[in-house]
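Remarks on the structure that follows.
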Amino acid sequence: MSWSLEEVAKHRDSSQVLDVTEFLSKHPGGPNIILKFAGRDATSAYEPIHPSDAIQKNLSPSQRLGTLKSEDVQKLDSEVKEPTKDEMRFQQAVKQRPPLNRILNLADMEDVAKQVLPHGAFAFFSAGTDDELTLRENARAFNRFFFHARVMRPVSKCDPSTKILGYSSSLPLFISGASTARLGHPEGELNITRGAGKANIIQMVCTYSSIPHATIAAAALPSQILFFQLYKNTDLASATKMVQEAERLGYKAIFLTRDVKSSWILEAEEGITQYYAEGDAEGATNFLGTSSLHVNRNNALDAHMSWQVTIPWLRSIIKLPIVLKGVQCVELLAAEAGVEGILLLRIDSSLPPLEVLYRIRQQRPDLFDKMEGPFAYGEAGVSKILHILHREISTSMRLLGAASISDLTPDLVERVDWEPVNRQSKL
Numbered sequence: 001m002s003w004s005l006e007e008v009a010k011h012r013d014s015s016q017v018l019d020v021t022e023f024l025s026k027h028p029g030g031p032n033i034i035l036k037f038a039g040r041d042a043t044s045a046y047e048p049i050h051p052s053d054a055i056q057k058n059l060s061p062s063q064r065l066g067t068l069k070s071e072d073v074q075k076l077d078s079e080v081k082e083p084t085k086d087e088m089r090f091q092q093a094v095k096q097r098p099p100l101n102r103i104l105n106l107a108d109m110e111d112v113a114k115q116v117l118p119h120g121a122f123a124f125f126s127a128g129t130d131d132e133l134t135l136r137e138n139a140r141a142f143n144r145f146f147f148h149a150r151v152m153r154p155v156s157k158c159d160p161s162t163k164i165l166g167y168s169s170s171l172p173l174f175i176s177g178a179s180t181a182r183l184g185h186p187e188g189e190l191n192i193t194r195g196a197g198k199a200n201i202i203q204m205v206c207t208y209s210s211i212p213h214a215t216i217a218a219a220a221l222p223s224q225i226l227f228f229q230l231y232k233n234t235d236l237a238s239a240t241k242m243v244q245e246a247e248r249l250g251y252k253a254i255f256l257t258r259d260v261k262s263s264w265i266l267e268a269e270e271g272i273t274q275y276y277a278e279g280d281a282e283g284a285t286n287f288l289g290t291s292s293l294h295v296n297r298n299n300a301l302d303a304h305m306s307w308q309v310t311i312p313w314l315r316s317i318i319k320l321p322i323v324l325k326g327v328q329c330v331e332l333l334a335a336e337a338g339v340e341g342i343l344l345l346r347i348d349s350s351l352p353p354l355e356v357l358y359r360i361r362q363q364r365p366d367l368f369d370k371m372e373g374p375f376a377y378g379e380a381g382v383s384k385i386l387h388i389l390h391r392e393i394s395t396s397m398r399l400l401g402a403a404s405i406s407d408l409t410p411d412l413v414e415r416v417d418w419e420p421v422n423r424q425s426k427l
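Residue numbers (UniProt numbering): 1 to 427.
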């Protein structure tokens, strides 16, 4: 069945929008962004942050009322839309960005990203929670740890490769999951997948990726390793289906995100969001919905996860390794629960993850025996970042006298309380 623009425009009231009425309360981004586009073309707001299969997965056939009439599709396509101030800034920034070979470090890449990304997108990718105290301290924390270099050790051959959850990685790191990558580039997470595959780096894919999980898995190299970050839904059947689908698609581990119990806010993102939501003379589109705050308000995510229930449930439906994402302290319970790993988190006013890691090493070193962000240039930018990391890690290892990851021992590190000097971009 085909619908005209006039007919679509009639469905502005939630009691009449049969295709989304029941879904409004379940939308992770909150109902406001859907209602804002009621009766209007929402393509520009929808596509950058949703995978192509989102409608098929979340709306039943009876809720998909039909297609827009062809003459009205042409009418929309022929409309001349004035570029917003942010779009004009973006176009100019892309022209002025430096060539990729001038990017010397990650600070340089972040500086370029800040210039070329839409304001809302950069806020989403870079924001910390609430007052961003822990975000700032997380960067400062790295400056409080110094190395004790060892000399007269053979380091002509330096191998920074390691294993993560039993899987090989060319560097002692992996790419953590983040949602809505298409806010930064039309290819979204696929840029990360391709760049990571070439560099033999493991990628974690977020539940709320802007590219379908199956498409990302299909884009990976045959030997490439993908992990899956799970935001557990309150609907147990839905959560079970998602996890089992990830296992079927070939994802090798589940990272269970447990930091959803408090209604934390990404204030930088929220400020940008409110700017657009309250109206903008330039007509800018609110690409971010109503921010991650509404994920908790809508009860879309499970705030009742526990050691006693959630971990056994996950164990019962999959055979994959389980890693807890969101640990903020010396978490002995994680080891006792039998999970294969922990991923530290930086919720505001909690200790920076590096400090938590230091305390775990100091207080419970036995736990180590029990457990084992980049779109300014698309895929090439991802490859460049990984090249920079490989160069810096290898150089640091050689200066430390470490020929392999196994040579990196706690005695090579000392924590100090000096006021750190911030790293800056050299551009």
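Here a beta-carbon is modelled for each residue, glycine too, at the ideal position from N, C-alpha and C.
If you're wondering where the values come from, they're calculated on a predicted model, not measured in any experiment.
Using 8 Å for Cβ pairs, my map puts residue i next to residue j. What's the rounded Cβ distance?
i	j	result
L301	N233	7 Å
S210	T257	The pair is not a contact, with the Cβ atoms about 17 Å apart (cut-off 8 Å).
V205	G177	6 Å
A141	P352	4 Å
L106	I385	7 Å
S170	H390	7 Å
What is the DSSP secondary structure of residue i, counted as helix, strand or coil?
i	result
Q363	helix
L400	helix
R248	helix
S161	coil
S306	coil
Q224	coil
I342	strand
L324	strand
R89	helix
I254	strand
Y231	coil
V382	helix
S210	coil
S168	strand
R153	coil
residue 433	Only positions 1 to 427 of the chain appear in the structure, and residue 433 is not among them; the question remains open.
V356	helix
V416	coil
L301	strand
L408	coil
S238	helix
R315	helix
K81	coil
A218	helix
Identify, in the order they occur along the chain, each residue of the same chain with its Cβ nearer than 6 Å to the Cβ of residue i, setting aside the five sequence neighbours on each side.
i	result
L320	E247, A253, I254
E379	N191, R194, G195
S168	none
A337	W307, I311
S394	C158, P160
Going by other Cβ atoms of all chains shown within 10 Å of its Cβ, with 16 needed for buried, is residue i buried or exposed?
i	result
F125	buried
R182	buried
F228	buried
E137	buried
L343	buried
T409	exposed
A139	exposed
Q224	buried
D108	buried
V327	buried
D411	exposed
H148	exposed
A220	buried
E189	buried
L226	buried
T207	buried
S161	exposed
A237	exposed
P118	buried
For residue i, which residues from the same chain have a beta carbon less than 8 Å from its beta carbon, with the 5 sequence-adjacent residues on both sides left out?
i	result
P83	Q91
V243	F228, L230, I254, L314, I317, I318
F174	I164, I201, I202, Q203, M204, F227
A93	Q115, V116
What does a CB cutoff of less than 7 Å around residue i pick up in its chain, not counting 5 residues either side in sequence?
i	result
V339	I311, I322, V323, L324
K95	none
V151	G401
L249	H213, A214, A217
E355	A141
G373	Because G373 carries a pLDDT of 41, less than 50, the predicted location of this residue cannot be relied on, and no value is offered for it.
R415	R144, F145, Y358
K198	S383
M305	K232, R258
Checking contacts by CB at 9 Å: is residue i closer than that to chain C?
i	result
Q203	Reference to chain C is not applicable here, since this structure consists of a single protein chain.
For the stretch 170-206, list the alpha helix (DSSP H) runs that are entirely contained and at least 4 residues long, ordered along the chain.
189-199
Identify every run of the alpha helix (DSSP H) within the stretch 100-150, keeping only runs that are complete inside it and at least 4 residues long; order them along the chain.
106-116, 119-126, 133-142
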